[in-house]
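Undergrad:
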Ligand SMILES: *[C@@H]1O[C@H](CO)[C@@H](O)[C@H](O)[C@H]1NC(C)=O
Ligand SMILES: *[C@@H]1O[C@H](CO)[C@@H](O)[C@H](O)[C@H]1NC(C)=O
Ligand SMILES: *[C@@H]1O[C@H](CO)[C@@H](O)[C@H](O)[C@H]1NC(C)=O
Ligand SMILES: *[C@@H]1O[C@H](CO)[C@@H](O)[C@H](O)[C@H]1NC(C)=O
Ligand SMILES: *[C@@H]1O[C@H](CO)[C@@H](O)[C@H](O)[C@H]1NC(C)=O
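Numbering (mature numbering (1 follows the signal peptide of the UniProt record, and there is no 0)), first residue to last: -22 to -1, 1 to 277.
1) Measure from the alpha carbon of residue 275 to the alpha carbon of each residue in 160, 123 and 269, then state which is nearest.
2) Ligand 2 heavy atoms versus the CB of residue 176: any closer than 6 Å?
3) With a 10 Å radius around its C-beta and 16 neighbouring C-beta atoms as the bar for buried, classify residue 294 as buried or exposed.
4) Excluding the 5 residues preceding and the 5 following residue 66 in the sequence, name in chain order all residues of the same chain whose CB lies nearer than 6 Å to its CB.
5) Give the C-beta separation of residue 93 and residue 37 to the nearest angstrom, bearing in mind that I take them to be a contact with Cβ-Cβ under 8 Å.
6) Measuring alpha carbon to alpha carbon, tell me which residue in 129, 248 and 80 is nearest residue 142.
7) Quick check: what's the CA-CA separation for residue 272 versus residue 131?
8) Would you be able to state if there are at least three C-beta pairs under 8 Å between the stretch 185 to 198 and the stretch 217 to 228?
9) Could you give the first and the last residue of the continuous alpha helix (DSSP H) run that contains residue 51?
10) Using a Cβ-Cβ distance cut-off of 7 Å, determine whether residue 277 contacts chain D.
11) Secondary structure at residue 101, three-state DSSP: helix, strand or coil?
12) Can the beta-carbon of residue 85 be found less than 7 Å from the beta-carbon of residue 76?
13) Is the beta carbon of residue 168 less than 7 Å from the beta carbon of residue 230?
14) Can you tell me whether residue 264 sits near ligand 5, meaning its C-beta is under 6 Å from at least one heavy atom of the ligand?
15) Of the residues 266, 73 and 80, which one's Cα is nearest the Cα of residue 177?
16) If I measure Cβ to Cβ from residue 260 and keep anything under 6 Å in the same chain, skipping five residues before and after, which residues do I get?
17) In its own chain, which residues sit with a C-beta less than 6 Å from the C-beta of residue 90, not counting the 5 before and 5 after it?
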């Protein structure tokens, strides 16, 4: 596979200087291409004699791969394209809403097609074996998923809180923080710093980081200031299980929201212990857990 690359924005401003087609992935610069996908040096990588074998959203006729790239750039859904070099101008340009990282089993050698995918940190294979890399095109980031909804790793995590956030387990002792970076959030990550919470203050040692006691289901949630539950998205007023994490994990990473969350500067969010939130049996609860909060921004 060769790796012919070109910059979205560069294409748009200076139509095809030969230098744009260099056989290197390096440093052509970072230019805002203005197609609603955020800046950050978005590139296409060429895979000669490969195809991403999925149903195209649109097939169009273009006379070369460059025009096909333009068509892709103009469609917000377009993450990659197949170009059939056999028959220029004959529906040879297939615009795809999928990418080769999350559908790696469909990325196959092909006699006739070349495949072009938007550059992403996933190209460097940052995920551990067995985990899929999901590109976040807007922020030039990614996250790794072992099974649907179980995020293992990702970048860049932006810290949301200025001061450490502490939440208790009774008497509306939520912890809160104010978002300082506006954008679209895919998921949040709570990193344990200190303390314990419990649903039974006779538990020794005092409960666990996120739940009632060792082995309990997770009881820590994130809400808006208006008390709408943000994470976990499918919260049912009960403690819940989170694949890959337990009551005493050093961090919690929530499954990404099906519809990413738009946040604005100055917006307040809260962290609650489940029973305290629903005013359940909280009279014998106790303790306090302190955390830092990070978010994976899509854009
Ligand atoms: C265009 O493509 C169609 C189907 O892919 C094929 O039947 C037809 O022969 C092609 N025409 C030319 C001029 O290549
Ligand atoms: C947290 O909540 C308290 C009480 O509602 C409020 O006074 C404070 O400004 C909030 N802090 C942040 C960082 O949002
Ligand atoms: C939870 O982890 C802490 C260290 O952060 C440890 O002191 C405590 O014993 C653990 N609790 C349980 C119930 O495993
Ligand atoms: C959770 O509790 C709230 C307030 O008591 C209620 O309005 C809501 O319907 C409950 N949701 C579920 C899924 O039980
Ligand atoms: C535990 O909770 C009970 C019931 O609210 C309370 O009377 C008691 O003082 C608490 N003990 C501690 C150590 O917080």
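Just so you know, even glycine gets a beta-carbon here, dropped at the ideal spot from N, CA and C.
TA: Let's see:
1) Closest in alpha carbon position to residue 275, among 160, 123 and 269, is 160.
2) Residue 176: no, Cβ never under 6 Å from ligand 2.
3) Since the first residue of the chain shown is -22 and the last is 277, residue 294 is not available in this structure.
4) Excluding sequence neighbours, residue 66 sits near 41.
5) Not confirmed; about 15 Å, so no contact.
6) The shortest C-alpha separation from residue 142 is found at 248.
7) Rounded to whole angstroms, the separation of the alpha carbons of residue 131 and residue 272 is 12 Å.
8) The stretch 217 to 228 vs the stretch 185 to 198: in contact.
9) 43 to 51 is the span of the alpha helix (DSSP H), which, as asked, contains residue 51.
10) The displayed structure is made up of one protein chain only, and chain D is not part of it.
11) In the three-state scheme derived from DSSP, where H, G and I count as helix and E and B as strand, residue 101 is classed as helix.
12) Judged by beta-carbon spacing, residue 76 lies beyond the 7 Å limit of residue 85, meaning their Cβ atoms are not closer than that value.
13) Yes, the pair counts as a contact, with Cβ atoms nearer than the cut-off.
14) Within 6 Å of the C-beta of residue 264 there is at least one heavy atom belonging to ligand 5.
15) Comparing alpha carbon positions, the residue from 266, 73 and 80 closest to residue 177 is 266.
16) Around residue 260: 148, 253 and 254.
17) These residues qualify, in order along the chain: 62 and 64.
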